[in-house]
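K.L.:
Take 2 as the starting number for the sequence shown in my numbering and just add one per residue. Okay, here's the structure, questions in a sec.
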Amino acid sequence: MYAAARAAIGEAPLATSPLLKAIVDRSERYTSDRDRLSTPANKTGDLAARAVFFTIADAMKISIPLGELIGRGALPSARPLRVIDLGAGCGAMSLGMIETIASLPEPERPALVITAIDRDAAALGIAAAAVRGLAATRKLDVTITTRVDDATSAKLADADLVIAGTLLNELPAAARLAVVERALAAVGDDGAVILIEPALRETSRALHELRDEAIGRGAHVFAPCVRAIAPCPSLARPEDWCHEDRAIKLPPKTAELSRLTHLRDGGMKFSYLVLRRGPLALVEEPGAWRIVGAPRTQKGKLEVMGCNDAGWVPLRLLKRNRTDANREIERADRGDVVIVPAPVDGERVEVTADTPVERREPSKLR
């Protein structure tokens with residue numbers, strides 16, 4: 002990314018002082034000053050910040066939904082794999098996809114044909130150079146073409162995967178569903194649309210609302226939900242939202258920028274949604290719960306919040322009921338799926354001494 006950015010915009014915007022200012026400016030526009038979302042203080046500086054901080058920090062978010070597709074045997078079968086990176090920017094999602102595919106055993110690595118679409122030609126130039134460089138380093142067969150176009154109106158060719166990272170929150174609310182419907186129309190029956198958004202309450206809840214709208218239009222949710230129906234339970238109260246918080250070790254330069262700006266505290270926070278044209282459950286077994294919050298330990302008990310067709314329901318284990326059979330509930334964390342063959346009893350699921358618990362990490366690759 003540094004090599005691609007340096008070739009495109011030179012060394013000066015990548016110096017520490019101007020880069021820090023641009024990183025903070027972009028962060029503020031995404032969080033507390035969203036009226037300025039499309040008006041950076043310095044366009045070249047903003048491009049530098051996107052390239053060598055946000056792209057690198059965000060790239061591996063795609064590994065979670067992609068890993069879940071791979072682990073479920075639900076990655077489209079086409080070879081090469083045709084990918085549309087919609088609103089590609091500097092290529093974060095494509096780079097993360099390359100890194101994830103490269104982690105597979107060599108016989109299982111599909112070649113990738115990526116079409117990167119964005120209205121920012123300079124960002125696409127950086128993306129293409131970085132993708133080619135990383136693909137060569139990882140010895141992965143990747144072809145990338147770029148197209149300057151508006152994501153809200155761009156015609157999409159047939160694809161196996163359409164990915165959109167941090168795109169929908171930048172669009173007018175009325176345009177988001179149309180973009181997703183065009184993406185679903187572009188993929189085949191075994192294809193998928195992967196949407197990744199910031200973990201802010203506002204942007205996450207907008208993604209949850211889009212989930213429900215897409216279900217109403219005939220789409221099927223593959224992940225993160227084990228709940229196939231609408232509405233999303235996190236919309237019941239305005240203070241709730243569902244998001245991921247995964248540990249990540251940033252590269253040294255990115256970690257230092259994070260430290261200096263007090264951004265990205267070691268957690269990779271985001272919300273995501275994987276949609277398909279046909280039904281396919283992330284987990285088929287009955288009694289599956291997606292863990293949607295951090296475990297809460299109080300004197301004599303442990304609770305984790307689970308989500309499935311029953312809604313958001315706490316799963317409780319009393320200390321006196323701890324056994325080898327249910328021990329996995331104590332290891333469960335946000336993003337895991339637990340199989341708990343126990344009914345909802347009142348306002349919770351009670352894990353007894355005899356309740357067997359199975360824990361899974363759906364995105365964890367071999």
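Glycine included, every Cβ here is placed at the ideal spot set by N, Cα and C.
1. With 16 other CB atoms within 10 Å as the buried threshold, where does Lys-156 fall?
2. Just curious, the alpha helix (DSSP H) that Glu-210 is in, first and last residue?
3. Is the beta carbon of Ala-326 sitting closer than 8 angstroms to the one on Val-275?
4. Give the straight-line distance between the Cα atoms of Glu-286 and Ile-340, rounded to the nearest whole angstrom.
5. Quick one: does the C-beta of Ala-200 sit closer than 7 angstroms to a heavy atom of the ligand ZN?
6. Here's the rule I'm using: 16 or more other beta-carbon atoms within 10 Å means buried, otherwise exposed. How should Arg-238 be labelled?
7. For Gly-92, count the other beta carbons within 10 Å of its own beta carbon; 16 or more makes it buried, fewer makes it exposed. Which is it?
8. Going by the CB atoms, is the gap between Ser-259 and Glu-198 shorter than 8 angstroms?
9. Taking a contact to mean a Cβ-Cβ separation below 8 angstroms, would you say Ile-164 touches Ile-10 in this structure?
10. At which residues does the alpha helix (DSSP H) containing Lys-302 begin and terminate?
11. Quick check on Glu-12: buried or exposed, where buried means 16 or more other Cβ atoms within 10 Å of its Cβ?
12. Considering only the alpha carbon of each residue, which of Ile-99, Lys-22 and Gly-288 lies closest to Ala-49?
13. When the distance is taken between beta carbons, is Gly-312 closer than 8 angstroms to Pro-234?
14. Under a Cβ-count criterion, where at least 16 other Cβ atoms within 10 Å of its own Cβ denotes burial, should Arg-328 be classed as buried or exposed?
15. Assuming contact is defined by CB atoms lying nearer than 8 angstroms, are Leu-96 and Ala-60 in contact in what I supplied?
16. Can you tell me the Cβ-Cβ gap for Pro-342 and Pro-357, rounded? I've got them flagged as a contact below 8 angstroms.
17. Do three or more CB pairs link the region 75 to 84 to the region 174 to 194 at distances below 8 angstroms?
18. Tell me the residue span of the beta strand (DSSP E) that contains Arg-247.
19. Output yes or no for whether 8 angstroms exceeds the beta carbon distance between Leu-319 and Glu-304.
20. Can you give me the C-alpha to C-alpha distance between Gly-347 and Ala-89, rounded to a whole angstrom?
21. Taking one C-beta from the region 247 to 264 and one from the region 50 to 58 each time, how about it: are there three or more such pairs within less than 8 angstroms?
22. Determine the DSSP secondary structure at Lys-254, reduced to helix, strand or coil.
23. I'd like to confirm the pairing. Which residues does DSSP put opposite Tyr-31 in its beta bridges?
24. Count Cβ pairs between the region 164 to 176 and the region 126 to 140 that sit closer than 8 angstroms; are there 3 or more?
25. Assuming Asp-150 contacts Ile-99 (C-beta within less than 8 angstroms), just tell me the rounded distance between them.
26. For Ala-57, which of helix, strand or coil comes out of DSSP?
27. Looking only at C-alpha atoms, which of Val-350, Leu-38, Asp-121 and Val-338 sits nearest to Arg-361?
28. Round the Cβ separation of Ala-75 and Leu-251 to the nearest angstrom and send it over; I've been treating them as touching at under 8 angstroms.
29. If you measure between the beta carbons of Ala-1 and Gly-267, is that distance less than 8 angstroms?
30. Go through its chain and collect everything with a Cβ distance to Asp-241's Cβ below 7 angstroms, but skip five positions before and after it.
31. Residue ranges of each beta strand (DSSP E) run of no fewer than 3 residues wholly in the region 127 to 170, ordered along the chain?
32. Is Arg-323 helix, strand or coil when you go by DSSP?
33. Quick one, which of Leu-125, Ala-152, Ala-176 and Arg-35 has its alpha-carbon nearest Trp-146's?
34. Under 7 angstroms Cβ to Cβ from Lys-270, same chain only, skipping five residues before and after it: list those, please.
35. Determine which residues share a DSSP beta bridge with Asp-86 and list them.
36. Per the DSSP calculation, Lys-270 is bridged to which residue(s)?
P.N.:
Based on what the coordinates show:
1. As a position in the sequence shown, residue 156 is number 155, starting the count at 1. Lys-156 should be labelled exposed.
2. Looking up residue 210 in the sequence shown gives position 209. 202 to 217 is the span of the alpha helix (DSSP H), which, as asked, contains Glu-210.
3. Within the sequence shown, the letter at position 325 stands for residue 326. Within the sequence shown, the letter at position 274 stands for residue 275. Contact flag unset, no.
4. Against the sequence shown, residue 286 aligns to sequence position 285. Against the sequence shown, residue 340 aligns to sequence position 339. If I take the Cα positions, the gap works out to 7 angstroms.
5. What this structure holds is no ligand at all, so the ligand ZN is not there to describe.
6. Sequence index remark: in the sequence shown, residue 238 carries index 237 (1-based). Exposed, because fewer than 16 other Cβ atoms sit within 10 Å of the Cβ of Arg-238.
7. Your numbering for residue 92 matches position 91 in the sequence shown. It counts as buried.
8. Position 197 of the sequence shown holds residue 198. Position 258 of the sequence shown holds residue 259. Contact: no.
9. Sequence index remark: in the sequence shown, residue 164 carries index 163 (1-based). Sequence index remark: in the sequence shown, residue 10 carries index 9 (1-based). No, the Cβ-Cβ distance between Ile-164 and Ile-10 is not below 8 angstroms.
10. By 1-based counting over the sequence shown, the position of residue 302 is 301. Lys-302 -> not in any alpha helix (DSSP H); beta strand (DSSP E) instead, spanning 302 to 309.
11. Position 11 of the sequence shown holds residue 12. Answer is exposed; the Cβ neighbour count stays below 16.
12. Stepping through the sequence shown from its first residue, residue 49 is reached at position 48. Ranking Ile-99, Lys-22 and Gly-288 by Cα distance to Ala-49 puts Lys-22 first.
13. The residue given as residue 234 occupies position 233 in the sequence shown. The residue given as residue 312 occupies position 311 in the sequence shown. Contact flag set, yes.
14. Counting from one through the sequence shown, the residue named residue 328 turns up at place 327. Looking at its Cβ environment, which holds fewer than 16 other Cβ atoms inside 10 Å, Arg-328 is exposed.
15. Residue mapping note: residue 96 aligns to position 95 of the sequence shown, counting from 1. Residue mapping note: residue 60 aligns to position 59 of the sequence shown, counting from 1. For Leu-96 and Ala-60, yes; Cβs fall inside 8 angstroms.
16. For the purposes of this step, residue 342 is taken as residue 341 along the sequence shown, with counting starting at 1. For the purposes of this step, residue 357 is taken as residue 356 along the sequence shown, with counting starting at 1. About 7 angstroms separates the two Cβ atoms, so the contact holds.
17. yes
18. Taking the first residue of the sequence shown as position 1, residue 247 is located at position 246. Note, Arg-247: beta strand (DSSP E), 245 to 248.
19. On the sequence shown, residue 319 is found 318 positions in, with the first residue counted as 1. On the sequence shown, residue 304 is found 303 positions in, with the first residue counted as 1. In this structure, Glu-304 does not lie closer than 8 angstroms to Leu-319 by Cβ.
20. As a position in the sequence shown, residue 347 is number 346, starting the count at 1. As a position in the sequence shown, residue 89 is number 88, starting the count at 1. Taking the straight line joining both Cα atoms gives about 46 angstroms.
21. With the cut-off at 8 angstroms, the region 247 to 264 and the region 50 to 58 touch.
22. Start at 1 with the first residue of the sequence shown, and residue 254 comes out as number 253. Residue state, collapsed to three classes: helix.
23. Position 30 of the sequence shown, counted from the start, is the residue given in the question as residue 31. DSSP output for Tyr-31 lists no bridge partner at all.
24. As far as the Cβ criterion goes, the region 164 to 176 does not touch the region 126 to 140, which means the pair count is below three.
25. In the sequence shown, residue 150 corresponds to position 149, counting from 1. In the sequence shown, residue 99 corresponds to position 98, counting from 1. Contact doesn't hold; Cβ gap of about 22 angstroms is too wide.
26. In the sequence shown, counting from the first residue as 1, residue 57 sits at position 56. Checking the sequence shown, residue 57 turns out to be Ile, not Ala. DSSP places Ile-57 in helix when its eight states are reduced to three.
27. As a first step, residue 361 is located in the sequence shown; it is residue number 360 there, counting from the start. Here the closest residue by C-alpha is Val-338.
28. Mapped onto the sequence shown, residue 75 falls at position 74. Mapped onto the sequence shown, residue 251 falls at position 250. Not confirmed; about 29 angstroms, so no contact.
29. Outside the shown range of the chain, which is 2 to 367, sits residue 1, and nothing can be said about it.
30. Position 240 of the sequence shown, counted from the start, is the residue given in the question as residue 241. Once the five neighbours on either side are set aside, the close Cβ partners of Asp-241 are Ser-235.
31. Residue ranges of uninterrupted beta strand (DSSP E) with 3 or more members, entirely inside the region 127 to 170 and ordered along the chain, are 143 to 149 and 160 to 166.
32. As a position in the sequence shown, residue 323 is number 322, starting the count at 1. Note: Arg-323 maps to coil in three-state DSSP.
33. Locating residue 146 in the sequence shown gives position 145, where the first residue counts as 1. Sequence check: residue 146 is Thr here, not Trp. Nearest of Leu-125, Ala-152, Ala-176 and Arg-35 to Thr-146, Cα basis: Leu-125.
34. Counting from one through the sequence shown, the residue named residue 270 turns up at place 269. The residues are Ala-200, His-244, Glu-245 and Asp-246.
35. To locate residue 86, count along the sequence shown from 1; it is residue 85. Paired residue(s): Ala-117 and Ile-164.
36. In the sequence shown, residue 270 corresponds to position 269, counting from 1. Note: Lys-270 sits in a beta bridge opposite Asp-246.
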